[in-house]
Every structure is written in C-alpha cells, then in structure tokens.
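Undergrad: Have a look at this one.
Protein chains: 2
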Amino acid sequence: MGLVVALLQLNPKVGDLEGNAAEVERAVTLAAENGADMAITSELVISGYPPRDLLLDPAFVQRCAEVTSNIETPIPLIVGTPLPPTSDRNLPSNGTMRLVPGRKAKVATRKQLLPTYDVFDELRYFEPDKAPGILRLSDSLSIGVTICEDAWQHAGEVPADYDADPIEQLAAWQHQGEPLALSVNLSSSPYHLHKEGMRSDVVRAASKTLGHPYLLCNQVGGNDDLLFDGRSLVAWPDGRLSQAPAWCMGAFLVDVEDSNSGRWLPWPEGECGEDCSCVVENVASDSEPRNPDTGTDLLAAITIGLGDYCRKSGIKKLVIAMSGGLDSSVCAAIACRTVGPENVLGLAMPSRYSSDHSLSDAIATAEALGMEIHTHSINELHEAAEEKLTEELADGNPIALENIQSRLRGMMVMALANSRNAMAITTGNKSELAMGYCTLYGDMVGGYAPLGDLYKTEVYAVARAINSEAEGAGLAHPITESTLTKPPSAELAPDQMDEDTLPPYELLDSILESHIEAGYSASTLVEAGYDENTVEWILERLHANEHKRWQMPPAPRVSNRAFGQGWRQPLAAKK
Amino acid sequence: MGLVVALLQLNPKVGDLEGNAAEVERAVTLAAENGADMAITSELVISGYPPRDLLLDPAFVQRCAEVTSNIETPIPLIVGTPLPPTSDRNLPSNGTMRLVPGRKAKVATRKQLLPTYDVFDELRYFEPDKAPGILRLSDSLSIGVTICEDAWQHAGEVPADYDADPIEQLAAWQHQGEPLALSVNLSSSPYHLHKEGMRSDVVRAASKTLGHPYLLCNQVGGNDDLLFDGRSLVAWPDGRLSQAPAWCMGAFLVDVEDSNSGRWLPWPEGECGEDCSCVVENVASDSEPRNPDTGTDLLAAITIGLGDYCRKSGIKKLVIAMSGGLDSSVCAAIACRTVGPENVLGLAMPSRYSSDHSLSDAIATAEALGMEIHTHSINELHEAAEEKLTEELADGNPIALENIQSRLRGMMVMALANSRNAMAITTGNKSELAMGYCTLYGDMVGGYAPLGDLYKTEVYAVARAINSEAEGAGLAHPITESTLTKPPSAELAPDQMDEDTLPPYELLDSILESHIEAGYSASTLVEAGYDENTVEWILERLHANEHKRWQMPPAPRVSNRAFGQGWRQPLAAKK
C-alpha cells in the first residue's frame, strides 16, 4: 500500500475566511480518520474563489495568511490561499501554505501562470512567481506543487502563450536527480458544459511527462456567476484516471500506488446530504470519463448556482412570476430544489391577452412542486395605466404598450419580494436575452437569473431532466406536457408567438452559439450554409441589445462564453 | 523657428474605424495648413478607447491596421492603433504606425507597459513589447515614441511595479550617441477630478530625464463610462509647460523650440463649436497648471459623458422624471445641454406624499431650461396597486409600499421613453447608490446615470456652476433657490427626509470618499476621529447594497474610484 492522499473537494464562501478554514479542518480530520497520509485543498480555498477586489485590501490578504497558519491538522496539508506580496510595490500571490503537525506553518509555493482572459483576471490581482513549486514534506517525501493554470499550458489547453511551463520545470528538476513522489494541483477550475474532458487531458499530459501520479483537487459550488463542478481527479503515467463525483462536497481519498483505490467521503451538509450515492469513476488508459447527460448536468449546475447564491447571501425565500411557459416553470422547479417549496411563492398574473392554459399550466406546476401560487390579474392596473397614458402614447412606438404589462408584473413581483424579505428571480434564457426579447424592469426584474446562460433548447433539456427525476421518485411531472409542447409566447399582444418575431429556436440557438461561443463571424456562418439575411438580422439584434444585458443580474455560467465578463462590447459596436 | 508638432486632440468613437481615420485625416490636413511639420494622435485613436472585447476578433485588429495604413497625410504622422500579433499564439499589440507622404505605412512602436488595474485591463488584450520606441522620420530627425503608461512608471505615478522604464531606455539610447530631437506620448488617459496635476508631473519628469521636449497627446470625449478631458501637454527640460484646453476637440500646435508658441485650432463640430474661446495655458517652471473650479469641471465632464453616449449610440431624445429635487433638476439641465431642450421630456409625477414645491420647482426648472414637462399624478395607479396588493402586503416589510410608488413612476418614464424612441436617464448620485437609498426598477430606471459617480455634495457644486453659467448668459437660474436650499427628500412616505435615514451628506460623503477612493478601512476612519457607529453603519450598508449597483446603467466616471469596474465585491463580502 502506498501513500494515501486526500483531495478536499469543498465549497468555500468568498470572504468567509474563518468559516472556510473551519471546513478545511473538519475535512482533513475526517480524511485522516479514514486513512489519509496527507491532504490538499482547492485553489484559494481560504479566501474563496474569485475574491476579486477584496484582494486590493492588504489587511484582507494578511488575514488570509494568518487564518491559514492557524489551521490545525493531524496530517501534512497543503492549503490554497492568497499570500502577502514579497515586496512593497508587488501584488499579492496566489499561493499555498504547508501545514505539518508539530511544525510551523510555512509558505509553500506561489502560482506561476496567471490566466487573464475570459472569467479570469489574475494579472490584475496577483504577482506571478518564476520558480517551480517543490515541497519537501519529509526527508523521504518531496512533491511537486502546481496551481490550476500552471498545468494547463503543458497540455496546450490555454489561449495564452506563457513563457514558462511549470510541468516541464518539474520534469527538469527530476532529471537533475531530485525524485518527486507525485505532483498535486490546487484548482478552482470553473465549470462549463463539456469541460470535464479538457481536465482529463491536462492531468494525463502532466502525469505522463512527470512519470508519477498527478492529483488535481477542484472546488465545488457557486460564487455569484461562477460555478465549480468538483470532479477532482488523479492521473497515472500510463493514462489511467480516477475521478471524484461532480456537484458534491467531500474528500476524495486515493492510494497513489493503486488506481482502483479511490474512495469518496461525502459531506453530511453537502448537496447530496447523508444519502449521497455519488461514486468514484475509474477510467482505463484508453477511454475517457463518461459524458454526463446534458440536461442532468445543467440541472445540477444551475441548482447549485442559485442554491449557493441564496445560502451564501443569506436569502431564504424566493418569489417568481409564473406564466405557464417553459422558462418560468423550470425556474420554479429550480427554486423549490434550492430553498424548499415552502419558501417559494409563485405569482400568476394573467392579462387580457393570456390564454387559459397560462394559468392552468402554472397552477399544475406549482401543485406538482408543492409550492404556493397566488393569482392576481393585472387587468385593473393595466387599464388604469392605459387610461393615464392613452394620450401620451397615442402616436408613439406600440412596443411601449406591450412593455407596460411586463413592467406592471415586475412591480408586483418586487412588491411581494420586498414585503416577504425574499429575492425575486428572473426567468429569461440566453436566447431571449441575446435578442433583447424581454423587457427591462419587466420580466427582467430579479436578483438572479437561473437560466440566463442557457439557450432555449437547453432549457427543454433541463425540463426533461426535471420530469425524469420526478418520475424516478414516483411523482407527477412538474413541467406539464402542455408547457413542453405549446409554442413559446410572451402573450403581450393578441395571439403573439415568439416565432412571429424570432427565427425558430433550433436555428436561432445554433447561430448564436456558433457566434458567441465558437467566435464565428457572419461571413463564416454564411459560408457554413446559414441564410445570410437571418445571420445578419440575428447578429445585429445581438449587438443592439447589449445595453439590456448590462443591467442583468448574475446568471450561473454554464457555457463556454457567457454574457457579462468576457463578453463586453463597447457602445459603438452596438450602433 | 524649430519643428512644429501638432497634437491631434480628437474624440474617436469605439469601433468606428473608418470614421475615426477620416477625422485624423481632416485634423492632420488642418494642422499642416497651419504650419505643422509633423503630427501625432492619441492612443488607439483608430479603434477608439477602450475597444475591450472587439480586440478578441482578429479580423477587427487586422482591419484597424489596414484602415490606418490607408490614411492620407501631407506631413509625417504617428497614429495609435491596435496591431496584429507578431506570432500565432500572441495577443495583438497596442501600437503606432508611422505615415510619411510618399512612403509606405509602417509599424512604428508597440506599447511596453500595460496597465491592468482600476479601469485598465490591457494585459487581457495586448502583448507587451520589450524594446523602446525609436522612430527615424528622416536622416536628420529621430524621435522617441511612448504610449500612455510607458511614461508613468518614470514619475512613480503607477501602482504597478514594472520591470522596465521606457523613459530610462530612451535616455540610455541617447547616451549611446543617438540623439533624439524630442519624444512623444500617445495617450488615452481617462479623466478624474484633480488628475491634471499628475499628468504635468509625468511629462516634466520625462522631459527632464531626456533633456528634450516631451509631448503628450490625449483623447477627449466619453465612451460609455470612461471620460477623457484632453489637456494634451508639452514639457521642456527646465520644467516649462504648455497645455491644450480641456473638453475641446482640436489640434494643438507647438514649436518645440519655443514654449510660448502653442496654438489651439478648435474643431468646428466639437463641443465648443465655431465660437470656441478655449486657450492654451503656458506654465512657468516653478508653477502648476491652474486648478479648474470643481463644479465647472464636473459639469463639463458629465455633459460630455452623456452627450457622447447619446451621439455615439444614436440616441436623439431623453426622458427624465422630475421631482423638483436637486438631482433631477441638475440632470434635466445636463440633458438639455446635450441633446437640446427641444428633445428632452420631463415627467412630474406627484403622489399623495408630494409637497407643493415638488411640482412648482420642477416646472420652474423646465421653464428656465426651455424643455417640455408633463404632469401625471400617480395617485390613481397607486391606489389601484394598493387595492390589488393590500392583503398580500398587510403583514410584510413596509418598504414594499414605498417602492411601489417609485416603480410606478419608473414604469411611466419607460413607457414615455419607449413610445418616443427616447432613452430614459436615471438621476441617482453616488452617495444614494452607495447606501442603496434608491429603488431598483424604480428611480434607478434608465440607460445612463449622469450623476452616478458624483457625491451629493458634488452635485450641489455642479448646480451652482449651472446657475452661474446661466447668470453669465443673462438667463434665469435653472436650479431654483428652493431646490438648492430645501432638505433632500424621497417623498415616498409622509414628511420623509433623507436625513431621517442617512447621516448628513457632508459627513456621509466624507466617510464614503475616504473609504472608496482613499481605501481607508473602518479602523483607520475611527482613528481619524469619525464616530465608530456611524462608520460601521455606513460601510455595512455600502457592502449590503452591492447587488443594486450590479444592475446600474453606465455612469460617467469622474472620481478616483467609481462603482462598477474596479469596485466589484463578491457576494459574501456583502453578508
């Protein structure tokens, strides 16, 4: 039997240093009781990731290092934390401290490669190190220590062209006769759909080059818009892998000499609770980790996103407008999964343009979920507003009249949310938001947008996953058949259908995803066979609606490229 | 007589490459006709600054270089533009091209120091160069070329600790026997109040070290939240300065052998128009440029901010809620200055809690400005909403009832804006926004927040500048005496005053500014003599209202540290 390493797959809260340190203490104790010889955490577990502008306060960084130093551990432990700068005019480091029982806490390593693209802004906050991370834990045990991006350059999985390759540096160190037993990687590697395959390439490449096991510990959970899926994993030089479960807190114990030894110790307070049935996945050299089902993985992702936003911000109750349509029904189901159906209030607010099924579908969904739903027609307010404004709006753009209905509903949702000290959630999806097919201060009101980074076609996949889960538990489908099959409509004018204004969602989503996430230009899309007028209409509308997205609440990021950070076009691009 | 250099102080529009290039052509032609021997532009004048994610599109960067190459000029010209990367995996450069009549356009230099703090994100988009910028314009004329930040390290005016100092590199080059006649700096140096003194330190330090004139050309105008004040300037080695006017487009012509030679050629289409009376300011070695009056400078800044946002986004009309209070009166005046009073609609929307002076002050302001104002009581809608929601809200948080009024007004403002294809502007100031003393989707509705970065005490200074300007023109004061002297009130409940909830604004602003802009912690503030409970109450509220600021529209940045970029605290910091 070889050395047993525990990867502590935790869910830190940004800014809660003492709470995060306490979680690390509990996890390392549990791991030691279960036979671990040493343990590592994820990247910046003490500050939580991403700490952003908190890092500009030197006292905050100092306190991170102090809190880390005071962690008590029964076994050697490597903890990710911000570290104070090495000189007056330097920035802090993204580093690790080494804690060994009976010895003084010590700075172990500082991150070398600082990603500054997409959701990452690390050169804004951190000073890069230039030396590889070697840590001597005892006379007989030296290991390589890398932090997240440090390992990605080696696999070519980064857009940047860094000067250094820390994996090659560690390999060179070994060639000079200093054997390392293993290398570890402390990660806060944000989720996006289908990313898990990239991570297995990274650890396999590192392990192969180094000739020893390579262990990557990833964070789990949500912080504002960023999600982390866990899936900590270990690679052996011959390409075998062992991967911890996704979306679950716990400790992943691995005997580095036995690729079938991985054990998962779930957290009683974690997402799965005491009934956790998550398992470790062992992967042969010639295969890849299983691809998760898209709908199921997205459902888990956005549930943890909203759930952690609520839990970490102290939000206990949610309010949601329910139209009987797909988006609001799915959001209601997500809301019930996160704060419990007893803490969710749905509002059905029919107008003169609402169809009968709007109300009946909304009520059926609320009943299946076991949540409260109140019905308030907006007709009286709508009429009062029209009476007040008829003359003012007589010769104007007719969109003003449609928007009044949406804004009256927004006002009512916010009144109920304010009254109950609850948070409203907004139900828009990425396809709608891209096209501006939504009303600022109307259906866009809310503190969080659970579907804001899902294309409409992905929302259908999530809906099916919700129903299939309910079916598995012998319960009624929360998303009614009628909701799933009727054509989407905003119901702000008589017989209005989304497809009167927008291209069919399959086509729209395909063009949007190709442009936003793959970066294809209009001409490339047309060459690929898309209709030129459709492409131009969509891209023009995408850019013209940037101003609405500037006022969006956070949305859990599930795509390769979300709106918001990393998708910020300045004004003139809008025309 | 020596070489005459023209600094082209232009107002580029982000993304409008052809338009920006045409402006450069016009300006350099005008400068040549007036005796200039060579000319330089500001930084990235072709793409406009900041181009942000447009730079992620290689075709955009390529097109910038091409458009620059095709500029026709009668005299040697150095143009700031993004340049394609030098290798496949590199980022583009922030550089310059040299255009000389009869010769092929050529890449001249690439920026070395890339600021990545505060409003700057340059390491995200650009590759830094390692060599100093030397440009041989003819056999007898070599000059040093630097770009913005390149000069700031030398004066110690940067928070970062760069490895290189391009000014020292140029000096070392001269010591090797290659004399340079002068050095230039192409800048896009964003405005903040009282920054002009820092820039004069920078050019003086560079000129002193180099022993020759140092000429800095700065952009003017607004792009989204960033403002540029112009104030291009030249320093001579003995410390003399010559500075171009602020907030005005034109060409600044300087004979480098005569520090009193500076001439200002204004732009007929610029802010000042044909009547421009702006002058060059010559400063002796032992003095500093005049400090502008705070209210006047802020008034110019936020006027150009809103004006350029409208002009560059194609917005021709504005709608604004007018309460007779200070903020909305000042915003109405700004709105009229930017799109003309005939394109501004004010809405007075009294409720049962409004005082008589609310309406009379709003009407007096509108009359003085010559703008339209419509009065619509919200009483009927307010009553209809209360009737609808009385039961729902009976035992809840009473803030819900106050917010209904604000949200009904927001709905009406947006209805009028949508109907007229106009943009609503929101009137909140930085003190209110910091404290969350405003209603999401209520008084916060709008596409731009002209006062969003001004403390309440600064809004008073701007109001006085507006009145004093009107007085100078023999017109009535737009901001009434009553508006200036009555105690601020939101009027959402009977006899409600801001100071019932908030500390007096003088005190509040002083604490906010010390914390946000100077970075003083709570304990430092208490040591400085502020009351501990007040400090704690303010800072707690500041952090608890971060979520509202996430949904703010752009506000012109006039402070050392604005909300938004560079002030983004993650969720748990809010508690």
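Residue numbers (the working numbering), protein chains in the order written: chain H, 185 to 759; chain B, 185 to 759.
Quick reminder that beta carbons are idealized off the backbone N, C-alpha and C, glycines included.
No experiment lies behind these values; they were computed from the predicted model shown.
Would H/A211 pass as an interface residue toward chain B - the criterion being a Cβ-Cβ separation below 8 Å?
TA: Stepping through the first sequence from its first residue, residue 211 of chain H is reached at position 27. Closer than 8 Å: no.
Undergrad: Below 7 Å on C-beta distance, what does H/N274 contact in chain B?
TA: Along the first sequence, one-based indexing puts residue 274 of chain H at 90. Within 7 Å Cβ-Cβ: D345.
Undergrad: Please list the terminal residues of the continuous alpha helix (DSSP H) segment that includes B/G646.
TA: What you label residue 646 of chain B is simply residue 462 of the second sequence in a count that begins at 1. The question names Gly, yet the displayed sequence has Val at residue 646 of chain B. Segment K640 to G656, the alpha helix (DSSP H) holding B/V646.
Undergrad: Would you call the region 195-208 of chain B and the region 418-426 of chain B touching, i.e. three or more CB-CB distances under 8 Å?
TA: Cβ pair count under 8 Å is below three, so no.
Undergrad: Between which two residues does the beta strand (DSSP E) harbouring H/W448 extend?
TA: Here the question's residue 448 of chain H lines up with position 264 in the first sequence. It spans R447 to P450 - the beta strand (DSSP E) in which H/W448 sits, taken as one unbroken run.
Undergrad: Could you run through the region 300-314 of chain H and flag, in chain order, every residue whose CB is less than 8 Å away from some CB of chain B?
TA: Taking 8 Å as the Cβ-Cβ cut-off against chain B, the residues of the region 300-314 of chain H that qualify are T300, Y301, D305, L307 and R308.
Undergrad: Do H/I518 and H/L411 come within 8 Å of each other at the CB atom, strictly closer than that value?
TA: The residue you call residue 411 of chain H lines up with position 227 of the first sequence. The residue you call residue 518 of chain H lines up with position 334 of the first sequence. No, the pair does not count as a contact, with Cβ atoms beyond the cut-off.
Undergrad: Thinking just about the alpha-carbon of each residue, which of B/P672, B/E526 and B/E256 is nearest to the one in B/D511?
TA: For the purposes of this step, residue 511 of chain B is taken as residue 327 along the second sequence, with counting starting at 1. The shortest C-alpha separation from B/D511 is found at B/P672.
Undergrad: Secondary structure at B/A292, three-state DSSP: helix, strand or coil?
TA: Residue 292 of chain B sits at position 108 when you count from the first residue of the second sequence. Of the three classes helix, strand and coil, the one that applies to B/A292 here is strand, per DSSP.
Undergrad: Indicate the three-state DSSP secondary structure (helix, strand or coil) for H/C456 in the structure shown.
TA: Locating residue 456 of chain H in the first sequence gives position 272, counting from the first residue. H/C456: coil per DSSP, three-state reduction.
Undergrad: Taking the beta carbon of H/D439 as the centre, do at least 16 other beta carbons fall within 10 Å, making it buried, or is it exposed?
TA: By 1-based counting over the first sequence, the position of residue 439 of chain H is 255. So H/D439 counts as buried.
Undergrad: If we ignore side chains and look at the alpha-carbon of each, how far apart do B/E642 and B/H661 end up?
TA: Sequence index remark: in the second sequence, residue 642 of chain B carries index 458 (1-based). Sequence index remark: in the second sequence, residue 661 of chain B carries index 477 (1-based). The straight-line gap from Cα to Cα measures roughly 18 Å.
Undergrad: Taking the alpha carbon of H/A435 as the reference point, which residue from H/A215, H/D693 and H/A677 has its own alpha carbon closest?
TA: As a first step, residue 435 of chain H is located in the first sequence; it is residue number 251 there, counting from the start. The shortest Cα separation from H/A435 among H/A215, H/D693 and H/A677 belongs to H/A215.
Undergrad: So, at 6 Å on beta carbons, what are the nonlocal neighbours of B/A344 in its own chain, with the 5 sequence-adjacent residues on each side left out?
TA: Here residue 344 of chain B corresponds to residue number 160 of the second sequence, with the count starting at 1. Same-chain partners within the cutoff: there are none.
Undergrad: Please report the straight-line C-alpha distance between H/A756 and H/N527, rounded to a whole angstrom.
TA: As a working note, residue 756 of chain H is residue 572 in the first sequence. As a working note, residue 527 of chain H is residue 343 in the first sequence. For H/A756, the predicted model reports a pLDDT of 49, less than 50, meaning its position is unreliable; a value from the coordinates is still stated below. So the alpha carbons of these two residues sit roughly 44 Å apart.
Undergrad: How far does the alpha helix (DSSP H) with B/Y493 in it reach, from first residue to last?
TA: Translated into positions along the second sequence, residue 493 of chain B becomes position 309. Residues T478 to S497.
Undergrad: Pull up the distance between the alpha-carbon of H/E341 and that of B/D272, whole angstroms please.
TA: Counting from one through the first sequence, the residue named residue 341 of chain H turns up at place 157. Counting from one through the second sequence, the residue named residue 272 of chain B turns up at place 88. Rounded to whole angstroms, H/E341 to B/D272 spans 15 Å at the Cα level.
Undergrad: Less than 8 Å between C-beta atoms, sequence neighbours within five positions excluded: which residues of the same chain meet that for H/E209?
TA: Within the first sequence, the letter at position 25 stands for residue 209 of chain H. Taken in chain order, the residues that qualify are I255, E256 and T257.
Undergrad: When DSSP builds the beta bridges, which residues end up paired with H/F412?
TA: Here residue 412 of chain H refers to the residue found at position 228 of the first sequence. Beta-bridge pairing links H/F412 to H/P374 and H/G405.
Undergrad: Given 8 Å as the limit, is there contact between the region 566-581 of chain H and the region 579-599 of chain B, that is, 3 or more CB pairs closer than that?
TA: Contact between the region 566-581 of chain H and the region 579-599 of chain B is present, because at least three Cβ pairs lie under 8 Å.
Undergrad: Residues in its own chain within less than 7 Å of H/L565 by CB, not counting five upstream and five downstream?
TA: The residue you call residue 565 of chain H lines up with position 381 of the first sequence. Around H/L565: L592.
Undergrad: Where does B/I695 fall in DSSP's three states?
TA: As a first step, residue 695 of chain B is located in the second sequence; it is residue number 511 there, counting from the start. In this structure, B/I695 counts as helix in the three-state DSSP scheme.
Undergrad: From B/G395, B/L191, B/K314 and B/H699, pick the residue whose C-alpha is nearest to that of B/D347; which is it?
TA: Your numbering for residue 347 of chain B matches position 163 in the second sequence. B/D347 has its Cα closest to that of B/K314, out of B/G395, B/L191, B/K314 and B/H699.
Undergrad: Considering only residues of the region 663-716 of chain B, which uninterrupted alpha helix (DSSP H) runs meet the minimum length of 4 residues and lie entirely inside it, listed in chain order?
TA: For the region 663-716 of chain B, whole alpha helix (DSSP H) runs of length 4 or above, ordered along the chain, are 665-669, 682-685, 689-700 and 706-711.
Undergrad: Whole angstroms are fine: how far does the CA of H/L577 sit from the CA of B/P687?
TA: Mapped onto the second sequence, residue 687 of chain B falls at position 503. Mapped onto the first sequence, residue 577 of chain H falls at position 393. Taking the straight line from one Cα to the other gives about 41 Å.
Undergrad: Under 8 Å, with one C-beta from each stretch per pair, do the region 294-309 of chain B and the region 289-306 of chain H reach the 3-pair mark?
TA: Yes: the two stretches touch, three or more of their Cβ pairs being nearer than 8 Å.
Undergrad: Just the chain B side, please: which residues come within less than 7 Å of H/I583 by C-beta, in chain order?
TA: In the first sequence, the residue the question calls residue 583 of chain H occupies position 399. Neighbours of H/I583 on chain B, chain order: N602.
Undergrad: For a contact defined as C-beta to C-beta under 7 Å, what are the partners of B/M433 on chain H?
TA: Translated into positions along the second sequence, residue 433 of chain B becomes position 249. Those within 7 Å of B/M433 in chain H number zero; the least Cβ separation is about 17 Å.
Undergrad: Residues of chain H with CB under 7 Å from B/G594, in chain order?
TA: Residue 594 of chain B sits at position 410 when you count from the first residue of the second sequence. Here the neighbours are Y625.
Undergrad: Can H/E202 be considered in contact with the ligand ADP, in the sense that its beta carbon sits closer than 7 Å to one or more heavy atoms?
TA: No copy of the ligand ADP occurs in the structure displayed, which carries no ligand at all.
Undergrad: B/E556 bridges to which residues according to DSSP?
TA: By 1-based counting over the second sequence, the position of residue 556 of chain B is 372. Answer by DSSP bridge pairing, in chain order: B/L529.
Undergrad: Would you mind stating whether B/V368 and B/I262 have Cβ atoms separated by less than 8 Å?
TA: In the second sequence, the residue the question calls residue 368 of chain B occupies position 184. In the second sequence, the residue the question calls residue 262 of chain B occupies position 78. The answer is yes: Cβ separation under 8 Å.
Undergrad: When the Cα atoms are used, what is the spatial distance from H/I583 to H/L676?
TA: Counting from 1 along the first sequence, the entry for residue 583 of chain H is found at position 399. Counting from 1 along the first sequence, the entry for residue 676 of chain H is found at position 492. If I take the Cα positions, the gap works out to 10 Å.
Undergrad: Can you name the residues that DSSP bridges to H/D439?
TA: Working through the first sequence from its first residue, we reach residue 439 of chain H at position 255. DSSP, once it has assigned bridges, lists H/V188 as partnering H/D439.
Undergrad: Using a Cβ-Cβ distance under 8 Å, would B/S698 count as near chain D?
TA: Given the protein chain composition of this structure (H and B), no chain D is represented.
Undergrad: Span of the alpha helix (DSSP H) holding B/A243?
TA: Residue 243 of chain B sits at position 59 when you count from the first residue of the second sequence. Per DSSP, B/A243 belongs to the alpha helix (DSSP H) from P242 to S253.
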